[in-house]
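Working notes, beginning with the structure itself.
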């Protein structure tokens, strides 16, 4: 699956920025801007993607990675239902994560 970023917050047409998992070797997530790779997650080491070393310290998130002959999937869950979470990638390819704790 490939996710294509909007051109701008007010223009939902596709930009040249895409996010996808490359499964041609050790599976990694990449962000491309046109033909250029602008970010990579590094391969999964059993706990986290090596290019995102502080992932294991995210106490409010639970990560799952599956790599087999039939599928490659990566997902996260927020076990605490009072927390809403989202990931955002802007039109230049810069990412941000956010969470909101409901009172």
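Residue numbers (full-length UniProt numbering): 1 to 103. By construction, the Cβ of each residue, glycine as well, lies at the ideal position given by its N, Cα and C atoms.
Check                                                                                                                                                                            : Outcome
Checking 9 Å against the spacing of the C-beta atoms, do residue 26 and residue 43 come in under that value?                                                                     : yes
Decide if residue 31 is buried, meaning its Cβ has at least 16 other Cβ atoms within 10 Å, or exposed.                                                                           : buried
According to DSSP, what are the bridge partners of residue 3?                                                                                                                    : 19
If you draw a straight line from the alpha carbon of residue 55 to that of residue 79, how long is it in whole angstroms?                                                        : 16 Å
Select from 46, 59, 35 the residue whose C-alpha is nearest the C-alpha of residue 77.                                                                                           : 59
Do residue 51 and residue 71 have their CB atoms nearer than 9 Å?                                                                                                                : no
Scan the UniProt domain "S-locus glycoprotein" (39-94) and note each continuous beta strand (DSSP E) run of 3 residues or more that stays entirely inside, going in chain order. : 62-67, 72-77, 83-89
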